[in-house]
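In my numbering, the protein residues as written are 9 to 131.
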């Protein structure tokens, strides 16, 4: 009976020791993660505080204006490139004798119907 009591006590002691060891390891890992998170939160808080100043606000505005200006220039370059490409193609067609008269007749804003340059065939 003493042997059974001793075995039960040792099993309970082993279980308690394993549980305490697991908890100690878990608490150590939690403290490590907590310290890392606190340092990252302090860094984020410092960055946000720097942006809340007058100069931080000015940097944000300047950055947004720069992005808007670059967008305007890119879109303008695309529109002008498209227009230049159309004019180049129209000039090539006119030189080859395939084009139509380039006046306001083809402009949809004027409302006039397009006309074709038709040259009579010599007989």
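No residue lacks a Cβ here, since even glycine has one placed at the ideal position from N, Cα and C.
Where residue i sits in the DSSP three-state scheme
{"i": "residue 64", "result": "helix"}
{"i": "residue 21", "result": "helix"}
{"i": "residue 112", "result": "Unreliable positioning characterises residue 112 in this predicted model, as indicated by a pLDDT of 48, which lies under 50. A coordinate reading is not provided."}
{"i": "residue 73", "result": "helix"}
{"i": "residue 89", "result": "helix"}
{"i": "residue 106", "result": "coil"}
Pairwise C-alpha distance: residue j and residue i
{"i": "residue 34", "j": "residue 22", "result": "18 Å"}
{"i": "residue 30", "j": "residue 56", "result": "38 Å"}
{"i": "residue 39", "j": "residue 45", "result": "10 Å"}
{"i": "residue 66", "j": "residue 78", "result": "18 Å"}
{"i": "residue 19", "j": "residue 12", "result": "10 Å"}
{"i": "residue 51", "j": "residue 26", "result": "38 Å"}
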